[in-house]
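Participant: Residue numbers (the numbering used here), protein chains in the order written: chain A, 1 to 232; chain B, 1001 to 1232.
Sharing a structure, written as structure tokens. Questions coming.
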DNA sequence: CGATAACTTGACACAGCTCAACCTGGGTGG
DNA sequence: CCACCCAGGTTGAGCTGTGTCAAGTTATCG
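The structure is reproduced here in structure tokens:
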């Protein structure tokens, strides 16, 4: 395998306090791997044998119910760790992870985890911060699912995606990975039909513009208004 | 303040690996405090100045929306740590915590946190396990809110409460703290009216028996069936 | 240039919300 | 100690948001 460049890690939060040599050390322990769009990295409740760093692309953590319904728990943007079951005192992965777009990852055997925590300054702190952030996201999801209507949930989910992965484009902000109505409905706990109707309606009003597997938000303020509107 | 007895902590997971002296040390640093039923221990986004151990009673973590709606995130049974913002890399509390019944807690200033993590064997591990468990609970909540109907959610919430805090009683298993229809609806993202209707119906079928602020489950199997039934 | 995955749209039904009116048990203060 | 108060609970009536069922259209890819 080609030697990995130190600049890959040096600026990422979990490693930002480390020197050249330590980064080199970490890279030499790592394996890099490429995944196709839609590939599964690991399955829920599988033995957590590796922890990962997402170098490029986006992945999502999801659950599949016994009835086969998909529930998307969260999205992980490039630059973050995932599969960090050990940080949660678990020996199995808590969710299935699959790639949303093509992805490049580094991974290490989980047996190195204690060493990473003990030896690399800032790694533990940043890891736990990441856990905290994800917990916060999940709380937001719970609150939204509990008190908001479908239209509001879809609106605020779109806003969150724009915020996390938006890319400026001609006439609006583009969500920077392929996303279907079904995906959006898995994130909001509704059906692809309802999402489709909402997007159609919003498109007529010029709030969004969507093609197949692609959504561009033209008027974020309108979505913000929709996401907080008092229903009735 | 009266000296606290070492047996209070010795058998609890975060401290189970520690010797007498270390437990003594920890107790001498602790402050004990009693809270009335329904008292607020701390508020969401408040500066996280202390971390807590719940010695007796039950507390719940909840969020209050700008519109004043309450969303219950989780329940903490006696013997667990809470308010452990630092374990999540946060400096503010992520939720409001209030007591469900009378509660006795110990607390320590958050400034001692790094010392607890570094010095007391097993404390870190157990803390992160607790975080992992709570994250798991939240995931379950998200899945349930996404794919289950109200009736199923209320049924499985009741089952969870029975499981976590159930006490064997004459004719069924009693949920061991005062709980209103409103509380249950805050946990399931519905209204107190719907919960009331469900409980009435279930009572007619002999599945539960409920008085004011009290619910007893007589036929857990029936609830299990309801919670997994394919709607339509 | 099929085949198929993604998407759209209409018609309809109903779970569960809202509004409203009413009970009731248990705590408390006069 | 008992009458009052009110938080907590019940139940009905009606409406509507959203799911379900169904039938179609349109991109994209091998």
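Ideal Cβ placement from N, Cα and C applies to all residues, glycine included.
Report buried or exposed for residue 1011 of chain B, applying the criterion of at least 16 other Cβ atoms within 10 angstroms of its Cβ.
Facilitator: Here residue 1011 of chain B refers to the residue found at position 11 of the second chain. Residue 1011 of chain B is exposed by the Cβ-count criterion.
Participant: Near residue 1090 of chain B, which residues of its chain fall below 8 Å by C-beta distance, leaving aside the five closest residues on each side in sequence?
Facilitator: Residue numbering aside, residue 1090 of chain B sits at position 90 when the second chain is read from its first letter. Excluding positions up to five away in sequence, the list reads 1048.
Participant: Classify residue 1065 of chain B: buried if its beta carbon has 16 or more other beta carbons within 10 angstroms, exposed otherwise.
Facilitator: The residue you call residue 1065 of chain B lines up with position 65 of the second chain. The residue is exposed, with fewer than 16 neighbouring Cβ atoms inside 10 Å.
Participant: Between residue 1166 of chain B and residue 1172 of chain B, what straight-line distance do the alpha-carbon atoms span, to the nearest angstrom?
Facilitator: As a first step, residue 1166 of chain B is located in the second chain; it is residue number 166 there, counting from the start. As a first step, residue 1172 of chain B is located in the second chain; it is residue number 172 there, counting from the start. C-alpha separation (whole angstroms): 10 Å.
Participant: How many whole angstroms separate the CB atoms of residue 63 of chain A and residue 71 of chain A, which I take to be in contact at a CB cut-off of 8 Å?
Facilitator: Taking the first residue of the first chain as position 1, residue 63 of chain A is located at position 63. Taking the first residue of the first chain as position 1, residue 71 of chain A is located at position 71. With 8 Å as the limit, residue 63 of chain A and residue 71 of chain A qualify as a contact, their Cβ atoms being about 5 Å apart.
Participant: Are there 16 or more other CB atoms within 10 angstroms of the CB of residue 17 of chain A, so buried, or fewer, so exposed?
Facilitator: Along the first chain, read from residue 1 onward, the residue named residue 17 of chain A stands at position 17. Exposed, because fewer than 16 other Cβ atoms sit within 10 Å of the Cβ of residue 17 of chain A.
Participant: Compute the Euclidean distance between the alpha carbons of residue 1114 of chain B and residue 1085 of chain B, then round it to the nearest angstrom.
Facilitator: As a position in the second chain, residue 1114 of chain B is number 114, starting the count at 1. As a position in the second chain, residue 1085 of chain B is number 85, starting the count at 1. Their backbone Cα atoms lie some 12 Å apart in a straight line.
Participant: How would you write the range of the beta strand (DSSP E) that residue 209 of chain A sits in, first residue to last?
Facilitator: The count along the first chain starts at 1 and reaches residue 209 of chain A at position 209. 208-211 is the extent of the beta strand (DSSP E) around residue 209 of chain A.
Participant: Tell me, please, whether the region 1200-1209 of chain B touches the region 1124-1133 of chain B by the rule of three or more beta-carbon pairs shorter than 8 Å.
Facilitator: No, the region 1200-1209 of chain B does not touch the region 1124-1133 of chain B.
Participant: In chain B, what lies closer than 9 Å to residue 89 of chain A by C-beta?
Facilitator: To locate residue 89 of chain A, count along the first chain from 1; it is residue 89. Here the neighbours are 1125, 1126, 1127, 1128, 1129, 1130, 1131, 1132 and 1133.
Participant: At a Cβ threshold of 8 Å, is residue 1006 of chain B touching chain A?
Facilitator: Counted from its first residue, the second chain places residue 1006 of chain B at position 6. No, its Cβ sits nowhere closer than 8 Å to a Cβ of chain A.
Participant: Looking at the strands, I want to know which residues DSSP matches up with residue 105 of chain A.
Facilitator: The count along the first chain starts at 1 and reaches residue 105 of chain A at position 105. A/33 and A/54.
Participant: Within the same chain, show all residues whose beta-carbon is closer than 7 Å to that of residue 1029 of chain B, passing over the 5 residues directly before and after it, in chain order.
Facilitator: Here the question's residue 1029 of chain B lines up with position 29 in the second chain. Excluding residues within five positions, the ones whose Cβ falls inside 7 Å are 1108 and 1112.
Participant: May I have the straight-line CA-CA distance separating residue 143 of chain A from residue 9 of chain A, to the nearest angstrom?
Facilitator: Reading the first chain from its first residue, position 143 is the one you call residue 143 of chain A. Reading the first chain from its first residue, position 9 is the one you call residue 9 of chain A. Computed Cα separation, rounded: 35 Å.
Participant: Decide if the region 25-40 of chain A is in contact with the region 148-158 of chain A; the criterion is three or more beta carbon pairs, one per stretch, under 8 Å apart.
Facilitator: With the cut-off at 8 Å, the region 25-40 of chain A and the region 148-158 of chain A do not touch.
Participant: Just the C-alpha distance for residue 1232 of chain B and residue 67 of chain A, rounded to the nearest angstrom, thanks.
Facilitator: Locating residue 1232 of chain B in the second chain gives position 232, where the first residue counts as 1. Locating residue 67 of chain A in the first chain gives position 67, where the first residue counts as 1. For residue 1232 of chain B, the predicted model reports a pLDDT of 43, less than 50, meaning its position is unreliable; a value from the coordinates is still stated below. Going by the C-alpha atoms only, they are around 14 Å apart.
Participant: Rounded to the nearest angstrom, what separates residue 1181 of chain B and residue 1036 of chain B at their Cα positions?
Facilitator: The residue given as residue 1181 of chain B occupies position 181 in the second chain. The residue given as residue 1036 of chain B occupies position 36 in the second chain. Residue 1181 of chain B and residue 1036 of chain B: Cα-Cα distance of roughly 21 Å.
Participant: Per DSSP, which residues does residue 1082 of chain B bridge with? Please list them.
Facilitator: Taking the first residue of the second chain as position 1, residue 1082 of chain B is located at position 82. The partner list for residue 1082 of chain B (beta bridge, DSSP) reads B/1052.
Participant: Report the three-state DSSP secondary structure of residue 1179 of chain B (helix, strand or coil).
Facilitator: As a first step, residue 1179 of chain B is located in the second chain; it is residue number 179 there, counting from the start. The answer is coil: DSSP assigns residue 1179 of chain B none of H, G, I, E or B.
Participant: Quick one: what's got a C-beta closer than 7 Å to residue 1020 of chain B's C-beta in the same chain, skipping five residues either side?
Facilitator: As a position in the second chain, residue 1020 of chain B is number 20, starting the count at 1. Around residue 1020 of chain B: 1006.
Participant: How long is the line joining the alpha carbons of residue 106 of chain A and residue 1024 of chain B, rounded to whole angstroms?
Facilitator: Reading the first chain from its first residue, position 106 is the one you call residue 106 of chain A. Reading the second chain from its first residue, position 24 is the one you call residue 1024 of chain B. Straight-line Cα distance between these residues: approximately 45 Å.
Participant: Under the assumption that residue 81 of chain A contacts residue 51 of chain A (Cβ atoms under 8 Å), give the Cβ distance between them as a whole number of angstroms.
Facilitator: The residue labelled residue 81 of chain A in the question sits at position 81 within the first chain. The residue labelled residue 51 of chain A in the question sits at position 51 within the first chain. With 8 Å as the limit, residue 81 of chain A and residue 51 of chain A qualify as a contact, their Cβ atoms being about 7 Å apart.
Participant: Where does the unbroken beta strand (DSSP E) through residue 94 of chain A begin, and where does it stop?
Facilitator: In the first chain, counting from the first residue as 1, residue 94 of chain A sits at position 94. It is not in any beta strand (DSSP E) - residue 94 of chain A carries neither H nor E in the DSSP assignment.
Participant: Closer than 7 Å, Cβ to any Cβ of chain A: which residues of the region 1058-1083 of chain B, in chain order?
Facilitator: Listed by position, the residues of the region 1058-1083 of chain B near chain A (Cβ gap below 7 Å) are 1063, 1065, 1069, 1071 and 1073.
Participant: Looking at residue 103 of chain A and residue 57 of chain A, is the spacing between their C-beta atoms short of 8 Å?
Facilitator: If you number the first chain from 1, residue 57 of chain A lands on position 57. If you number the first chain from 1, residue 103 of chain A lands on position 103. Cβ distance < 8 Å, so residue 57 of chain A and residue 103 of chain A count as in contact.
Participant: Using a Cβ-Cβ distance cut-off of 8 Å, determine whether residue 114 of chain A contacts chain B.
Facilitator: If you number the first chain from 1, residue 114 of chain A lands on position 114. False, the Cβ-Cβ gap to chain B never drops below 8 Å.
Participant: Report the neighbours of residue 1094 of chain B on chain A: residues whose CB is nearer than 8 Å to its CB, in chain order.
Facilitator: Your numbering for residue 1094 of chain B matches position 94 in the second chain. By Cβ distance, chain A contributes 132, 135, 136 and 139.
Participant: I believe residue 1217 of chain B touches residue 1223 of chain B by the beta-carbon criterion, under 8 Å. Please report the beta-carbon distance rounded to the nearest angstrom.
Facilitator: In the second chain, residue 1217 of chain B corresponds to position 217, counting from 1. In the second chain, residue 1223 of chain B corresponds to position 223, counting from 1. Indeed they touch by this definition, with Cβ atoms about 6 Å apart.
Participant: Would a check of beta-carbon distances place residue 146 of chain A closer than 8 Å to chain B?
Facilitator: Taking the first residue of the first chain as position 1, residue 146 of chain A is located at position 146. Closer than 8 Å to some Cβ of chain B, the Cβ of residue 146 of chain A qualifies, so yes.
Participant: For the alpha helix (DSSP H) containing residue 1062 of chain B, name the first residue and the last one.
Facilitator: Looking up residue 1062 of chain B in the second chain gives position 62. No alpha helix (DSSP H) contains residue 1062 of chain B, which is instead part of the beta strand (DSSP E) from 1059-1064.
Participant: Any Cβ of chain A within less than 8 Å of the Cβ of residue 1179 of chain B?
Facilitator: Against the second chain, residue 1179 of chain B aligns to sequence position 179. No, residue 1179 of chain B lies away from the interface with chain A (no Cβ there is under 8 Å from its Cβ).
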